[in-house]
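J.: For the sequence shown, full-length UniProt numbering gives the first residue as 541, with consecutive numbering after it.
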Amino acid sequence: ESKGNGKNQYHLYLPSMNERTFEWLVLENDLHKALEKGEFFIEYQPRIDMKNEQVAGAEALIRWQHPTYNRVNPANFIPLAEETGLIIPIGKWVLETACRQLKSWHEAGFTNLKISVNFSARQFLSENLIKDVAAVISDSKISPQHLEIEITESTLLQNELVVLAALRELMEMGVQITLDDFGTGYASLTYLTKYQVNALKIDKSFIKDISKNPEKDAITTAVITLAHSLNMQVVAEGVEYYEDYEHLLSKNTDEIQGYFISRPISPEKFLMALKKGTFTKCFKKHS
Ligand code: C2E
Ligand code: MG
Ligand code: MG
Ligand code: MG
Numbered sequence: 541e542s543k544g545n546g547k548n549q550y551h552l553y554l555p556s557m558n559e560r561t562f563e564w565l566v567l568e569n570d571l572h573k574a575l576e577k578g579e580f581f582i583e584y585q586p587r588i589d590m591k592n593e594q595v596a597g598a599e600a601l602i603r604w605q606h607p608t609y610n611r612v613n614p615a616n617f618i619p620l621a622e623e624t625g626l627i628i629p630i631g632k633w634v635l636e637t638a639c640r641q642l643k644s645w646h647e648a649g650f651t652n653l654k655i656s657v658n659f660s661a662r663q664f665l666s667e668n669l670i671k672d673v674a675a676v677i678s679d680s681k682i683s684p685q686h687l688e689i690e691i692t693e694s695t696l697l698q699n700e701l702v703v704l705a706a707l708r709e710l711m712e713m714g715v716q717i718t719l720d721d722f723g724t725g726y727a728s729l730t731y732l733t734k735y736q737v738n739a740l741k742i743d744k745s746f747i748k749d750i751s752k753n754p755e756k757d758a759i760t761t762a763v764i765t766l767a768h769s770l771n772m773q774v775v776a777e778g779v780e781y782y783e784d785y786e787h788l789l790s791k792n793t794d795e796i797q798g799y800f801i802s803r804p805i806s807p808e809k810f811l812m813a814l815k816k817g818t819f820t821k822c823f824k825k826h827s
């Protein structure tokens, strides 16, 4: 993915990971050192509660400032991190950093915010997962209800029993679980009754231009009805346009996230925007 607007550019164009090219070997080698060299950082993207049009929380999205490639897109290094097992320490670092960040926003007075962290399937194979999550929650002094873990449908399909057991334990701790990219995976609907996650996050491919696309509208409307009847919340990601926001509002979407509100940004900018009310300025015209 190449993003055309200056600062957010990714300068790395990699061949598919199946081709074991020199670039991949270099990148894998660099990935091993990136954590201790402090090359990872996190950007945060706000999530808006549609009921009160307030900031409900933030999604933590990892970035890698590579010494020569500049910014490497997570789509390019997360698969490598998963394959090498490095996702375990990297994922732990993201969780710790994001929870500490959330605590500092709480201390700045934004006490209702929650934090969403993406977890890979591989992280569920770590024997220490539950212990690690519990330790991070207690060390950062946040309440478990303020932590949301986003997993994809494919995570449910891999090592089903292990994942199911871990999800149950996390939910018993009070941690929220959301199914990310919902609609793009291969999980059957019976999984929804088996897992009883807290929320479904409808994939951005169904959201962009939803106001102009009857097929996307039909799918999204059905998912919202399904989710609500199973007592799950619905989040729409990839909301880019006012028309799509308005459309999703009329369909009782619980929360939205997307460029319409803000791109992912640094924690400093995030706090500034919270203080200035920047994220919710776009709603003022009709409220
Ligand atoms: P995701 O969890 O589905 O995150 C949403 C992605 O959509 C992010 O891409 C975000 O920047 C982008 N996005 C947000 N709003 C919009 C919008 O309005 N339009 C469009 N077109 N895109 C939007 P990003 O940051 O490149 O992350 C890509 C994926 O990398 C994430 O997808 C997630 O699966 C993975 N990822 C990111 N951080 C982590 C992490 O800490 N751990 C793990 N395991 N995976 C991560
Ligand atoms: Mg996500
Ligand atoms: Mg997603
Ligand atoms: Mg995704």
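Glycine included, C-beta positions come from ideal geometry on N, C-alpha and C.
(1) Apart from the five residues just before and just after residue 839, which ones in its own chain have a Cβ nearer than 6 Å to its Cβ?
(2) Classify residue 806: buried if its beta carbon has 16 or more other beta carbons within 10 angstroms, exposed otherwise.
(3) Assign residue 685 to one of two classes, buried (16 or more other C-beta atoms within 10 Å of its C-beta) or exposed (fewer than that).
(4) Do you know whose CA, among 729, 698, 740, 635, lies nearest residue 797's CA?
(5) Hey, which unbroken runs of the alpha helix (DSSP H) at 4 residues or more fall wholly within the stretch 751–810?
(6) Let me check you understand the geometry: is the CB of residue 720 closer than 7 Å to at least one non-hydrogen atom of ligand 2?
(7) On the three-pair Cβ rule with 8 Å, is the stretch 561–572 touching the stretch 754–770?
(8) Return yes when the C-beta of residue 741 is under 7 Å from any heavy atom of ligand 3, and no when it is not.
(9) Rounding to the nearest angstrom, what Cα-Cα distance links residue 819 and residue 586 in this structure?
(10) Write down every uninterrupted run of the beta strand (DSSP E) in the stretch 567–608 whose length is 3 residues or greater and which is fully enclosed by it, in chain order.
(11) Using DSSP bridges, identify the partner residues of residue 724.
(12) Answer with buried or exposed for residue 815, where buried requires no fewer than 16 other C-beta atoms within 10 angstroms of its C-beta.
(13) Is residue 561 helix, strand or coil by DSSP?
(14) Could you give the C-beta distance for residue 604 and residue 574, rounded to a whole number, given that I count them as a contact under 8 Å?
(15) If you count every other CB in all the chains shown that lies within 10 Å of the CB of residue 631, and 16 or more means buried, which is it?
(16) May I ask you to report which of helix, strand or coil DSSP gives residue 545?
(17) Under a Cβ-count criterion, where at least 16 other Cβ atoms within 10 Å of its own Cβ denotes burial, should residue 696 be classed as buried or exposed?
(18) Hey, which unbroken runs of the beta strand (DSSP E) at 3 residues or more fall wholly within the stretch 610–652?
(19) Given 8 Å as the limit, is there contact between the stretch 742–756 and the stretch 709–717, that is, 3 or more CB pairs closer than that?
(20) Measuring alpha carbon to alpha carbon, tell me which of 801, 781, 731 ends up nearest residue 751.
(21) The beta strand (DSSP E) with residue 830 in it runs from where to where?
(22) Would the beta-carbon of residue 758 fall within 8 Å of that of residue 698?
(23) Report yes if the C-beta distance between residue 690 and residue 658 is below 8 Å; otherwise report no.
(24) Report the CB separation of residue 702 from residue 650 in whole angstroms; it is logged as a contact under 8 Å.
(25) Name the one or two DSSP bridge partners that residue 712 has.
(26) Determine the contact status of residue 681 and residue 734, defining contact as a CB-CB distance below 8 Å.
(27) Using DSSP's beta-bridge definition, name the partner residues of residue 739.
T.: Once the coordinates are examined:
(1) Not covered by the structure: residue 839. The range shown for the chain is 541 to 827.
(2) As a first step, residue 806 is located in the sequence shown; it is residue number 266 there, counting from the start. Exposed: under 16 other Cβ atoms inside 10 Å.
(3) Along the sequence shown, one-based indexing puts residue 685 at 145. Its Cβ having fewer than 16 others within 10 Å, residue 685 is exposed.
(4) Walking along the sequence shown from the start, residue 797 turns up at place 257. Checked all of 729, 698, 740, 635; the closest Cα to residue 797 is 740.
(5) Correct list: 754–769, 782–790.
(6) The count along the sequence shown starts at 1 and reaches residue 720 at position 180. Remark: the C-beta of residue 720 is in contact range of ligand 2, defined as less than 7 Å to any heavy atom.
(7) Output reads no: the stretch 754–770 does not touch the stretch 561–572.
(8) The residue labelled residue 741 in the question sits at position 201 within the sequence shown. Residue 741 Cβ: within cutoff of ligand 3.
(9) Numbered from its first residue, the sequence shown carries residue 819 at position 279. Numbered from its first residue, the sequence shown carries residue 586 at position 46. One alpha carbon belongs to residue 819, the other to residue 586, and they sit about 8 Å apart.
(10) Every beta strand (DSSP E) stretch that sits fully inside the stretch 567–608 and reaches 3 residues is listed by chain position as 580–589, 594–606.
(11) The sequence position of residue 724 within the sequence shown is 184, counting from 1. Looking at the DSSP assignment, residue 724 forms no beta bridge with any residue, so it has no partner.
(12) Start at 1 with the first residue of the sequence shown, and residue 815 comes out as number 275. When all chains shown are included, residue 815 counts as exposed.
(13) Counting from 1 along the sequence shown, the entry for residue 561 is found at position 21. Residue state, collapsed to three classes: coil.
(14) Within the sequence shown, the letter at position 64 stands for residue 604. Within the sequence shown, the letter at position 34 stands for residue 574. Right, the Cβ-Cβ distance comes to about 6 Å (below 8 Å), so this counts as a contact.
(15) Working through the sequence shown from its first residue, we reach residue 631 at position 91. By the neighbour-count rule (16 or more Cβ atoms within 10 Å), residue 631 is buried.
(16) Mapped onto the sequence shown, residue 545 falls at position 5. Note that residue 545 scores a pLDDT of 42, beneath 50, so its modelled location is shaky; the value from the coordinates is reported in the next line. Per DSSP, reduced to three states, the secondary structure at residue 545 is coil, with no helix or strand assignment.
(17) Position 156 of the sequence shown, counted from the start, is the residue given in the question as residue 696. With 16 or more other CB atoms across the displayed protein chains lying within 10 angstroms of its CB, residue 696 is buried.
(18) At a cut-off of 3 residues, the continuous stretches assigned as beta strand (DSSP E) that sit fully inside the stretch 610–652 are 610–612.
(19) Judged by Cβ distances under 8 Å, the stretch 742–756 makes no contact with the stretch 709–717, as fewer than three pairs qualify.
(20) For the purposes of this step, residue 751 is taken as residue 211 along the sequence shown, with counting starting at 1. Looking at the Cα atoms, 781 is the closest of the given residues.
(21) Any property of residue 830 remains undetermined from this structure, which presents the chain solely from 541 to 827.
(22) Along the sequence shown, one-based indexing puts residue 758 at 218. Along the sequence shown, one-based indexing puts residue 698 at 158. Against a cut-off of 8 Å, the Cβ pair of residue 698 and residue 758 comes out as no contact.
(23) As a position in the sequence shown, residue 690 is number 150, starting the count at 1. As a position in the sequence shown, residue 658 is number 118, starting the count at 1. Cβ distance < 8 Å, so residue 690 and residue 658 count as in contact.
(24) For the purposes of this step, residue 702 is identified with residue 162 of the sequence shown, where counting begins at 1. For the purposes of this step, residue 650 is identified with residue 110 of the sequence shown, where counting begins at 1. Taking 8 Å as the upper bound for CB-CB distance, residue 702 and residue 650 are not in contact here, some 35 Å apart.
(25) Looking up residue 712 in the sequence shown gives position 172. Paired residues: none, contrary to the question.
(26) As a working note, residue 681 is residue 141 in the sequence shown. As a working note, residue 734 is residue 194 in the sequence shown. Going by beta carbons, residue 681 and residue 734 fall outside the 8 Å limit.
(27) For the purposes of this step, residue 739 is identified with residue 199 of the sequence shown, where counting begins at 1. Beta-bridge pairing links residue 739 to 718, 773.
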